[in-house]
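Taken in order, the sequence shown gives residues 356 to 480; the numbers are from the working numbering.
Take a look at the structure below.
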Amino acid sequence: MMAMRLQISFELLIYLTLAGLSTVFALAVLAARWPGIVKSIDSYSVSSFVSSVNGKIAAGATAFSLYVPPGLCNSTIVGDEIRTEYGTYYLDSAASAKSGIFCPGGAVSGFTVTYSGSGEWVLSK
């Protein structure tokens, strides 16, 4: 009876050791890929934001509120181009944005859309 208890305890010890090692391995793989995962999520959030803005402008909204992702505050805006560290995104061809409009990032901001008279819609705060 004692030998059987020792065998069960030894097998349990082996299984727990293997489970612990596999957990450590999985966490190491996740930690190695974490920066890429975060960049991918941030890139998606910026893309989703620009898509939402384009949708609001296309629907004819003159005022709306959206969550501004943190990565947009450091963006460079040239006409309808929004250049970020995650890539270049475009507003609709007849739209432009004012510089610094997306600061502060990481919060909900209100936006207005006005017609400039020259066939262009201007996005501002």
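Positions of the beta carbon are idealized from the N, C-alpha and C atoms, including for glycine.
What would DSSP say about residue 372, mapped onto helix, strand or coil? Taking the first residue of the sequence shown as position 1, residue 372 is located at position 17. If DSSP states are grouped into helix, strand and coil, residue 372 belongs with the helices.
Would you mind sorting residue 430 into buried or exposed? The rule is 16 or more other CB atoms within 10 Å of its CB. Counted from its first residue, the sequence shown places residue 430 at position 75. Burial call: buried.
Classify residue 390: buried if its beta carbon has 16 or more other beta carbons within 10 angstroms, exposed otherwise. The sequence position of residue 390 within the sequence shown is 35, counting from 1. By the neighbour-count rule (16 or more Cβ atoms within 10 Å), residue 390 is not buried but exposed.
Can you tell me which residues form a DSSP beta bridge with residue 403? As a working note, residue 403 is residue 48 in the sequence shown. Per DSSP, none; premise fails for residue 403.
Rank 449, 462 and 464 by C-alpha distance to the C-alpha of residue 472 and give the top, closest one. Residue mapping note: residue 472 aligns to position 117 of the sequence shown, counting from 1. It is 449.
Please report the distance separating the alpha-carbon of residue 442 from that of residue 373. The residue given as residue 442 occupies position 87 in the sequence shown. The residue given as residue 373 occupies position 18 in the sequence shown. Cα to Cα, residue 442 sits roughly 42 Å from residue 373.
Any idea if residue 396 is buried or exposed, counting beta-carbon neighbours within 10 angstroms, 16 or more meaning buried? Translated into positions along the sequence shown, residue 396 becomes position 41. Counting of Cβ neighbours within 10 angstroms places residue 396 among the exposed residues, the total staying below 16.
At what residues does the beta strand (DSSP E) containing residue 454 begin and finish? Position 99 of the sequence shown, counted from the start, is the residue given in the question as residue 454. That residue, residue 454, is in no beta strand (DSSP E); it is neither H nor E in DSSP.
Evaluate contact between the segment 452-472 and the segment 413-420, counting only Cβ atoms and requiring at least three cross-stretch pairs below 8 Å. With three or more CB-CB distances shorter than 8 Å, the segment 452-472 counts as touching the segment 413-420.
What first and last residue would you give for the beta strand (DSSP E) that runs through residue 464? Here residue 464 refers to the residue found at position 109 when the sequence shown is read from its first residue. Looking at the DSSP string, the run of the beta strand (DSSP E) that includes residue 464 is 462-470.
Pull up the distance between the alpha-carbon of residue 367 and that of residue 386, whole angstroms please. Residue 367 sits at position 12 when you count from the first residue of the sequence shown. Residue 386 sits at position 31 when you count from the first residue of the sequence shown. When the Cα atoms are used, residue 367 and residue 386 turn out to be separated by approximately 28 Å.
Specify, as a first and last residue, the run of the beta strand (DSSP E) that residue 443 falls within. As a working note, residue 443 is residue 88 in the sequence shown. Residue 443 -> beta strand (DSSP E) spans 442-445.
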